[in-house]
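These notes concern the structure reproduced below.
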Amino acid sequence: MKNLAICVLGGTGFVGSHLCAELVKRGHQVKVLTRQRERHRDLLVLPSLELNQANVHNERDLKLHFENCDAVVNLVGILNEKGRDGNGFHVAHVELARKVITMCSTCKVPRLLHMSALNASPDEKSFYLRTKGEAENYVHTFAANKIAVTSFRPSVIFGAEDSFTNRFASILKLTPIVFPLACANTKFAPVYVDDVVQVMADALTDKRTFEQRINLCGPKQYSLKVLVKYVANMSNLRRTVFGLPNWASKLQAGILEFIPGKPFSIDNYRSLQKDSVCTDAKLCPTALESIVPGYLQNIPGYKQFRAKRST
């Protein structure tokens, strides 16, 4: 297989760091763009990775770093915005996607991998899912015949550094005996981060994936309540988790979105009105139960196991 020159946007994040490790492992030359190079110097332990100071929203920076690349990967995404009008989501998802397509076309980059989300659609009520859907449609429509695009639509992604299981573990530790949970019956099919990056890395040169929109789900479905109770159990926390009715879920979101860090927002509430499960999907094999205990319970040897898998 030909070694490719790949530019990754969002390469310093949870999925991005795993994907970069996988791409380097396969012999590719990886270029990661970041506004804060010094903060992410840990990535430089990967032998064929180049970490560049750049603003991914600046077209001149994109043009400079897309030159001579065989592929671009856009992993940039936000779950919450600073405001509440959807503009932050629009900038991060839609405007960036437009700039990426424009600069890929200008620099004659033949391949683009785009991270979307399960349930992403321009018709969704949540700004997150709506802008993810608009961005996904844009890259597939305007790439035309110039750029081979594949988009990936995962359910919630889990792993040792995730913002899902770890976030709930942190919240549960700060919560007394009873934990009131919004949208408790919403279903998920959690997918393991290493499975996600394997699929993405495989797709780079697989022509069967060109122009495809690939749903990614794990092997099992769970309600949010079951997942949170599992996280509590794995964190050795005795908590009674009870689901709030819909009106109380919305009220909780309206209050918590004004707390610094936005632990839960009205837009999150809107996203949770639909199950995040697959009917037609690339099923990823790794079950939640085989991975989560290793990092939530700090099982001895788990970090060494992770390091060995990454080499």
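Our numbering applies: residue 4 is where the sequence shown begins, and numbers increase by one. Using N, Cα and C, we set each Cβ at its ideal position, and we do this for glycine too. It should be emphasised that the depicted structure is a prediction, and the values quoted were computed from it without experimental measurement.
C-alpha gap between residue i and residue j, whole angstroms
i: L82; j: G264; result: 11 Å
i: P125; j: S154; result: 15 Å
i: F308; j: H21; result: With a pLDDT of 47 at F308, under the threshold of 50, the modelled position of this residue cannot be trusted; read the value that follows with caution. Going by the C-alpha atoms only, they are around 15 Å apart.
i: S279; j: K285; result: 14 Å
i: G16; j: R40; result: 13 Å
i: L315; j: T189; result: Summary: the structure shown does not reach residue 315, with the chain confined to residues 4 through 314, and so no result is reported for it.
i: S108; j: N239; result: 52 Å
i: D198; j: A185; result: 29 Å
i: V97; j: H60; result: 11 Å
i: L78; j: A251; result: 33 Å
i: T243; j: Y233; result: 11 Å
i: V35; j: P183; result: 40 Å
i: P50; j: R44; result: 12 Å
i: T178; j: F171; result: 10 Å
i: N236; j: G257; result: 28 Å
i: Q32; j: I180; result: 50 Å
i: K253; j: R63; result: 42 Å
i: K277; j: Q224; result: 14 Å
i: A147; j: L230; result: 41 Å
i: G80; j: L12; result: 10 Å
i: P303; j: S173; result: Any reading at P303 must be qualified, since the residue scores a pLDDT of 49, below 50, and its modelled position is unreliable; the value itself is stated next. Looking at the two C-alpha atoms, the distance is approximately 21 Å.
Neighbourhood of residue i by C-beta distance below 8 Å, restricted to the same chain and skipping five residues each side
i: D283; result: N218
i: H143; result: V152, S154, E214, R216
i: K176; result: S238, L240
i: C281; result: L121, S158, A192, N218, L219, C220
i: S166; result: F17, L82
i: V94; result: H60
Bridge-paired residues (DSSP) for residue i
i: E139; result: E139 is not bridged to any residue.
i: F245; result: P183
i: Y298; result: Beta-bridge pairing links Y298 to no other residue.
i: A8; result: Q32
i: F191; result: Y225, S279
i: R55; result: It should be pointed out that residue 55 corresponds to Asn in this sequence rather than to Arg. Looking at the DSSP assignment, N55 forms a beta bridge with L36.
i: A163; result: Answer by DSSP bridge pairing: none, since A163 is not bridged.
i: L116; result: V76, T153
Closest by C-alpha distance to residue i, when choosing among the options
i: I294; options: W250, S279, G221, L227; result: G221
i: V159; options: S268, Y195, F182; result: Y195
i: K5; options: L26, I180, G13; result: L26
i: P248; options: K223, A187, Y141; result: A187
i: K128; options: F182, R273, L259; result: R273
i: P296; options: T168, A256, I262; result: T168
i: K85; options: K277, F267, E292; result: F267
i: R101; options: V181, L65, N71; result: L65
i: K28; options: A204, Q255, Q300; result: A204
i: M118; options: V18, K210, R87; result: V18
i: D209; options: Y225, L52, L116, N58; result: L116
i: A163; options: L291, G13, G14, L12; result: L291
Cβ shell of residue i (< 6 Å), same chain only, five flanking positions each side left out
i: F130; result: G89, F92, D270
i: L259; result: P266, F267
i: D73; result: L7, A8
Beta-carbon proximity list for residue i, same chain, < 7 Å, skipping 5 on both sides
i: P288; result: D198, P222
i: F69; result: C10, V75, M106, C107, C110, V112
i: A123; result: L132, K135, G136, E139, R156
i: G246; result: L184, A187, N188, K228
i: Y305; result: Since pLDDT at Y305 reaches only 47, below the 50 mark, its modelled position is unreliable, and the value read off the structure follows with that caveat. If we look at Y305 and ignore the five residues flanking it on each side, its Cβ neighbours are G297, Y298.
Runs of 3 residues minimum, wholly inside the region 57-109: which ones carry the beta strand (DSSP E) assignment? 74-77
Segments of 4+ residues assigned as alpha helix (DSSP H) that fall wholly inside the region 207-295: 227-237, 249-259, 269-274
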